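Report on the structure given below.
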Amino acid sequence: MRRSGRKKALKKQGKWGRYLYAGAVAGMILLAGCGLDVGRETADIQIEPIEGLREDFIRGVDISSVLAEEESGVVYYHESGLEQDIFRTLAENGVNYIRVRVWNDPYDENGNGYGGGNCDTAAAAKIGRRAAENQMKLCVNYHYSDFWADPSKQMCPKAWEGMEIEEKAEALYEFTAESLREILDAGADVGMVQIGNEINNGMAGETDWNAWGKLLQAGAQAVRDVAKERGREILIAVHFTDIADQSGTLALARKLKEKEIDYDIFAVSYYPFWHGTMENLTDTLRKVSDAYGKSVLVVENSYPYTTKDGDGTANSIGASDILPEYAATVQGQAKEIRDVCAAVAAVGEAGLGYFYWEPAWIPVNVWEEGAADADETLAANQEAWEQYGSGWASSYASGYDPNDAGKYYGGSSWDNQALFDHNGQPLDSLKVFRYLESGWPES
């Protein structure tokens with residue numbers, strides 16, 4: 199049986215199977231130490247060094263779904279094949295920042311989670327503590343919604359429905375301050391807070407800039423007040439997407455200036471299959487920085503290492519989306535990550551860094567189309583997605599988001615863009631963060 203097949207079989211057996219697997223791998227490592235070939239894979243990627251990279255360049259990842267994954271039984275491994283805390287594995291590979299989304303109340307009236315990691319403040323606090331224990335800082339990403347917020351929808355939290363803008367701004371201030379204090383009290387090293395997620399067209403149900411601006415100011419003031427209260431420096435990021443539209447992006451930056459929004463970082467999502475060229479990315483970020491004196495950051499990016507579906511939920515990005523210059527391979531994924539980092543670094547000192555989006559969102563149980571146990575595996579996955587929130591949405595989200603989650607709830611459509619394979623083994627592309635400056639192989 200292939201090694202991946204052996205891992206899959208043991209993974210389905212639960213913890214005892216994992217212990218057997220760990221013991222087997224330990225034996226393989228001992229044999230390797232005796233000079234015997236045991237078939238261990240070695241790094242087989244090339245990474246071009248980035249010249250002049252700032253010393254504190256952010257090499258971040260967003261692992262907001264990780265707790266729900268672990269609760270569902272997902273196991274992550276060290277490159278040796280032994281089970282290891284994913285936070286340690288990330289840190290060992292050069293990751294220095296963790297990003298985590300926060301929804302106000304991602305639960306229905308009976309306490310059932312909406313899915314997507316059930317990312318409330320308590321979850322963010324746990325993730326932040328584990329990040330700090332591994333010397334990684336935390337970026338807290340407030341969506342100001344009870345579930346996903348993006349350019350197509352910025353839904354108002356249930357508790358804020360019907361509020362006039364002044365009352366809503368006050369509620370947003372209180373929520374931000376209380377949530378941030380809870381995360382800090384857990385031991386997180388918060389270095390950055392996002393006030394909103396991809397807010398091109400509004401925030402928390404508001405689409406008029408006068409109201410929208412008041413919400414942004416309330417969020418910024420809450421962060422400043424808590425930072426002062428705790429004697430900490432916490433940067434404020436405002437997050438947009440669709441950077442392929444340079445004129446539209448610059449217009450948003452102008453609007454922030456006109457509304458006198460207090461912030462430090464102009465952050466963007468950049469997915470190359472949606473958002474134009476990397477040359478445009480650099481040029482647009484440089485123009486924002488030069489015109490408004492702000493730092494800039496790519497706060498979301500990802501790319502497939504395979505086109506295979508690993509959990510029975512179709513992938514968001516498939517074969518038709520693959521770019522000619524970046525194959526859907528581990529090497530192609532590694533090159534894409536490196537090149538986006540280089541595009542941010544090319545801005546100059548204002549280019550703070552980079553975050554990879556959801557590299558740990560892998561299948562609960564590995565599903566293979568046409569396999570004898572495909573239906574059984576899918577049923578087990580569906581049960582976990584509903585119970586633990588490890589899919590992108592559960593059926594319980596339908597009451598809050600009937601037009602999207604209510605129709606298309608299910609698993610992760612992102613598993614082919616993770617930096618771990620479907621069984622939890624780190625891919626060599628994860629090493630990019632460690633070798634951005636020196637390149638690999640090292641000269």
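Position one of the sequence shown corresponds to residue 199 (the working numbering), numbered consecutively onward.
Yeah, the Cβ is synthetic: ideal placement off N, Cα and C, and Gly gets one too.
Bear in mind the structure is a predicted one, so any value in this text is a computation, not a measurement.
- Query: How should residue 314 be labelled, buried or exposed, when 16 other C-beta atoms within 10 angstroms of its C-beta is the threshold for buried?
  - Reply: Burial check for residue 314: the Cβ neighbour count within 10 Å reaches 16 or more, so the residue is buried.
- What residue ranges within the stretch 233 to 313 form continuous beta strand (DSSP E) runs of no fewer than 3 residues, ordered along the chain? At a cut-off of 3 residues, the continuous stretches assigned as beta strand (DSSP E) that sit fully inside the stretch 233 to 313 are 256 to 260 and 295 to 300.
- Query: Taking buried to mean at least 16 other C-beta atoms within 10 Å of its own C-beta, is residue 323 buried or exposed?
  - Reply: Buried is the call here.
- Task: With a threshold of 16 other CB atoms inside 10 Å of the CB of residue 377, please say whether the residue is buried or exposed.
- Result: Buried.
- Consult DSSP for residue 608 and reduce its assignment to one of helix, strand or coil. The DSSP-derived three-state label of residue 608 is strand.
- Look at the Cβ atom of residue 619, then the Cβ atom of residue 625, and state whether they are nearer than 8 Å. In this structure, the beta-carbon distance from residue 619 to residue 625 falls below 8 Å.
- Query: Any contact of the stretch 353 to 368 with the stretch 381 to 391, i.e. 3+ C-beta pairs under 8 Å?
  - Reply: The stretch 353 to 368, when compared against the stretch 381 to 391, does not touch it at the 8 Å Cβ threshold.
- Using DSSP with H/G/I as helix, E/B as strand and the rest coil, what is residue 467? Residue state, collapsed to three classes: strand.
- Query: Which term fits residue 472, buried or exposed, when burial requires 16 or more other beta carbons within 10 angstroms of its beta carbon?
  - Reply: Residue 472 counts as exposed, since fewer than 16 other C-beta atoms from the protein chains shown sit within 10 angstroms of its C-beta.
- Query: What are the boundary residues of the beta strand (DSSP E) that includes residue 335?
  - Reply: It spans 335 to 340 - the beta strand (DSSP E) in which residue 335 sits, taken as one unbroken run.
- Message: Contact between the stretch 593 to 606 and the stretch 254 to 262 is defined here as three or more beta-carbon pairs at a separation below 8 Å; is this criterion met?
- Response: Contact between the stretch 593 to 606 and the stretch 254 to 262 is absent, because fewer than three Cβ pairs lie under 8 Å.
- Task: Provide the residue span of the alpha helix (DSSP H) that contains residue 382, from first to last.
- Result: Under the DSSP assignment, residue 382 falls in the alpha helix (DSSP H) whose first and last residues are 363 to 383.
- Item | Residues bridged to residue 493 (per DSSP) | Beta-bridge pairing links residue 493 to 463.
- Task: Tell whether a beta-carbon distance below 8 Å holds between residue 634 and residue 251.
- Result: Residue 634 places its beta carbon less than 8 Å from that of residue 251.
- Message: I believe residue 594 touches residue 312 by the beta-carbon criterion, under 8 Å. Please report the beta-carbon distance rounded to the nearest angstrom.
- Response: Distance from residue 594 to residue 312 at the Cβ level is roughly 6 Å; contact confirmed, criterion being Cβ atoms closer than 8 Å.
- Item | Start-to-end residues for the alpha helix (DSSP H) that takes in residue 434 | Annotation: residue 434 is outside any alpha helix (DSSP H); the continuous beta strand (DSSP E) that includes it extends over 433 to 438.
- Query: Mind checking whether residue 469 and residue 479 have CB atoms under 8 Å apart?
  - Reply: Taking 8 Å as the Cβ cut-off, residue 469 and residue 479 do not qualify as a contacting pair.
- Item | Limits of the unbroken beta strand (DSSP E) element including residue 388 | Note, residue 388: beta strand (DSSP E), 388 to 393.
- Query: Would DSSP call residue 396 helix, strand or coil?
  - Reply: It is coil, neither helix nor strand.
- Item | Opposing strand residues paired with residue 618 [DSSP bridges] | According to DSSP, which records beta bridges pairwise, residue 618 is partnered with 624.
- Item | Cβ neighbours of residue 609 in the same chain (closer than 8 Å, five flanking residues each side left out) | In chain order, 509, 510, 511, 561, 562, 579, 580, 583, 588, 589 and 590 place their CB closer than 8 Å to the CB of residue 609, counting only its own chain and leaving out the 5 sequence neighbours on each side.
- When 424, 549, 350 and 428 are compared against residue 395, the one with the closest alpha-carbon: Ranked by Cα distance from residue 395, the first of 424, 549, 350 and 428 is 350.
- Taking residue 500 and residue 554 to be in contact with their CB atoms under 8 Å, please state how far apart those CB atoms are, rounded to whole angstroms. About 6 Å; that satisfies the 8 Å criterion.
- Query: Among 319, 514 and 283, which has the Cα closest to the Cα of residue 331?
  - Reply: If we check each option's Cα against that of residue 331, 283 comes out closest.
- Item | Residue span of the beta strand (DSSP E) that contains residue 549, given as start and end | Annotation: the continuous beta strand (DSSP E) that includes residue 549 extends over 549 to 555.
- Message: So, with DSSP's three-state summary, where would you put residue 602?
- Response: Three-state DSSP puts residue 602 in coil, outside helix and strand.
- Could you give the distance in angstroms between the alpha-carbon of residue 160 and the alpha-carbon of residue 348? Residue 160 lies beyond the stretch modelled for the chain, which goes from 199 to 641, so this question has no answer here.
- Task: Between the Cα of residue 637 and those of 539, 419, 423 and 483, spot the shortest distance and give me the residue it belongs to.
- Result: Cα-wise, what sits closest to residue 637 is 539.
- Item | C-alpha gap between residue 319 and residue 419, whole angstroms | A straight-line Cα-Cα distance of about 19 Å links residue 319 and residue 419.
- Determine the DSSP secondary structure at residue 410, reduced to helix, strand or coil. In the three-state reduction of the DSSP assignment, residue 410 falls in the helix class, which pools H, G and I.
- Query: Given residue 607, which residues of its chain have a CB within under 8 Å of its CB, disregarding the five upstream and five downstream residues?
  - Reply: These residues qualify, in order along the chain: 313, 583, 589, 590, 591, 592, 593, 595 and 596.
- Message: Give me, in chain order, the residues of the same chain whose beta-carbon lies closer than 6 Å to that of residue 482; leave out the 5 immediate sequence neighbours on both sides.
- Response: Closer than 6 Å at Cβ, skipping near neighbours: 441, 444 and 447.
- Item | residue 330 - DSSP class collapsed to helix/strand/coil | The DSSP-derived three-state label of residue 330 is helix.
- Query: In this structure, what does DSSP give as the bridge partners for residue 347?
  - Reply: Looking at the DSSP assignment, residue 347 forms no beta bridge with any residue, so it has no partner.
- Task: In angstroms with no decimal places, state the Cα-to-Cα distance between residue 432 and residue 392.
- Result: Rounded to whole angstroms, the gap between the alpha carbons of residue 432 and residue 392 is 10 Å.
- Got a sec, what are the start and stop residues for the alpha helix (DSSP H) residue 452 sits in? Taken as a continuous stretch (DSSP letters only), the alpha helix (DSSP H) holding residue 452 covers 444 to 456.
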